[in-house]
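In this note's numbering, the protein residues as written are 308 to 626. All C-beta atoms, glycine included, are put in the ideal place defined by N, C-alpha and C.
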Amino acid sequence: MEKAQDILELERRFQEKIDNDIRIEPNDWMPDAYRKTLIRQISQHAHSEIVGMLPEGNWITRAPNLRRKAVLLAKVQDEAGHGLYLYSACETLGADREETIDDLHSGKAKYSSIFNYPTLSWADMGAIGWLVDGAAIMNQVPLCRCSYGPYARAMVRVCKEESFHQRQGFEIISKLAQGSPEQKEMAQDALNRFWWPSLMMFGPSDDDSPNSAQSMKWKIKRNSNDELRQLFVDVTVPQAEMIGLKIPDNDLKWNEATQHYEFGEIDWTEFWEVVKGNGPCNYERVETRRKAKENGEWVRAAAVAYAEKKKNKELAVEA
Ligand code: 3HC
């Protein structure tokens, strides 16, 4: 058992590495609290990727043409890969994969609130790629410089694919916004429904974020929730204007002095209700993941049986 004095010295050296931007790797000593918050954040990030497949998966069979179907299919498959990448990053911290996934199914673990909203039209595929993946890029690019090596490296690959996700979404919504009046109306309706939930993706305001201060000290977080939210608004509003769509916020206005958009108050009651599990699709999303696990049981059993048979055969040959 390490003595208190030793722990203090280990913590001092650990923080010195963080302050000098030396990456922390799986076999390095780290405070239990650092490990715990990384498992918390990375596992919930992974859950978000996997649950995030469901709203878009809903439209793969209803894509307007083969090209759109192929692009959406590729995007949804990318999200599955992001989830597996992040579950693997979690395992480097000692998290058990089964337990991590069970935490999602039991409701113990969170996933991004945005995925608890329904996808009601094809335009929603554009809004999700443009806004949700656009917000994810804002939040994930700084994570490429996260102090924990495996997470930072996973983010480099993820961010490259997110750029494709955002572009394909913006192309869908642009085409609709410049199409027939009915198509433009569909695009505006999707923006109206996804704008505020996309701002909520960045988390509570900095004053209400219990994890941010410590995560910033440990350079897990490089920017605060509000900073990234502001960056997203500043980048996205001109994109909406360019394609002739109106941001659903009557308080939105450009501030020449600060060079930022000012925007209206987020409905934090809605945010916390959705985070607590009372959003429009929370039950359906988690139930779908639970059922997927149950229905996949036979595949896992077959894979284990095959591996055991193969191993026994190899042992028999060696004997
Ligand atoms: N949805 C659900 N829960 C949220 C949330 C959201 N949008 N925003 C914050 N929360 C939760 C936090 O998890 C935390 O709860 P916990 O302590 O039980 O985990 C609580 O609300 C307080 O929030 P904090 O700001 O204090 O928490 P963090 O410091 O962890 O910041 C975060 C929240 C910014 C989401 C951070 O966890 C993060 O950057 N995570 C990694 C990126 C990520 O998960 N993005 C989600 C979307 S992934 C995605 O969009 C995939 C893309 O391909 C479409």
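query	result
Could you give the residue range of the alpha helix (DSSP H) that holds TYR568?	Counting along the chain, TYR568 falls outside any alpha helix (DSSP H), though it belongs to the beta strand (DSSP E) covering 567–569.
So that I know if they touch, is there some Cβ in chain B lying closer than 9 Å to that of GLU548?	In summary, chain B is missing from the structure at hand, where a single protein chain is found.
If ILE527 and SER454 are in contact, beta carbons under 8 Å, what's the gap, nearest whole angstrom?	6 Å
Identify, in the order they occur along the chain, each residue of the same chain with its Cβ nearer than 7 Å to the Cβ of GLN537, setting aside the five sequence neighbours on each side.	HIS567
How many angstroms separate the CA atom of ARG342 from the CA atom of LYS620?	40 Å
Taking the beta strand (DSSP E) that TRP561 falls in, what are its first and last residues?	560–562
Would you mind working out which of LEU552, HIS412, PRO511 sits nearest LYS491, comparing C-alpha positions?	LEU552
Can you give the Cα-Cα distance for TYR394 and GLU356, rounded to whole angstroms?	10 Å
In angstroms with no decimal places, state the Cα-to-Cα distance between TYR424 and GLU591.	10 Å
Any idea what DSSP makes of ILE573, helix, strand or coil?	coil
Can the beta-carbon of ALA434 be found closer than 9 Å to that of ALA520?	no
Over the uninterrupted alpha helix (DSSP H) stretch that includes LYS467, give me the two end residues.	456–484
Spatial neighbours of VAL378 within its chain, please: C-beta separation below 7 Å, excluding the five flanking residues on both sides.	GLN475
Quick one: grab the DSSP three-state call for ILE435.	helix
DSSP three-state call for ILE527: helix, strand or coil?	coil
Between the Cα of ASN365 and those of GLN351, MET507, VAL383, HIS352, spot the shortest distance and give me the residue it belongs to.	VAL383
For ASN589, collect the residues of the same chain with a Cβ closer than 6 Å to its Cβ; drop the 5 residues on either side in sequence, then sort them by chain order.	ASN423
On the DSSP bridge assignment, give the partners of ILE331 in chain order.	TYR455
Excluding the five sequence neighbours on either side, which residues of its own chain have a C-beta within less than 6 Å of the C-beta of PHE477, listed in chain order?	TRP437
Throw me the rounded Cβ distance for the LEU535 and MET462 pair, which I believe falls under 8 Å.	Going by Cβ atoms, the distance from LEU535 to MET462 rounds to 14 Å, so no, they are not a contact pair.
For ASP541, which of helix, strand or coil comes out of DSSP?	helix
Among ILE367, GLY510, ILE480, ASP326, which has the Cα closest to the Cα of ASP496?	ILE480
Restricting to Cα atoms, I'd like to know which of GLU569, GLU318, ASN585, THR565 is closest to ASP556.	GLU569
Taking Cβ positions, are ARG500 and LEU427 nearer each other than 9 Å?	yes
Going by alpha carbons, who is nearest to GLY388 out of ILE421, HIS354, LEU373, LYS415?	HIS354
Return helix, strand or coil for TYR341, following the three-state DSSP convention.	helix
Drop a sphere of 10 angstroms on the beta-carbon of ASN602, count the other beta-carbons inside from all chains shown, and report buried for 16 or more, exposed for fewer.	exposed
Which residues in the same chain have their Cβ closer than 7 Å to the Cβ of LEU380, if we skip the five residues on either side of it in sequence?	ILE367
To the nearest angstrom, how far is the alpha carbon of LEU361 from that of GLN348?	21 Å
Alpha carbons only, please: which of VAL581, ILE331, ASP440 is nearest the one belonging to ASP385?	ASP440
Less than 9 Å separating the beta-carbons of ARG330 and ALA459?	yes
How long is the line joining the alpha carbons of LYS583 and PRO504, rounded to whole angstroms?	15 Å
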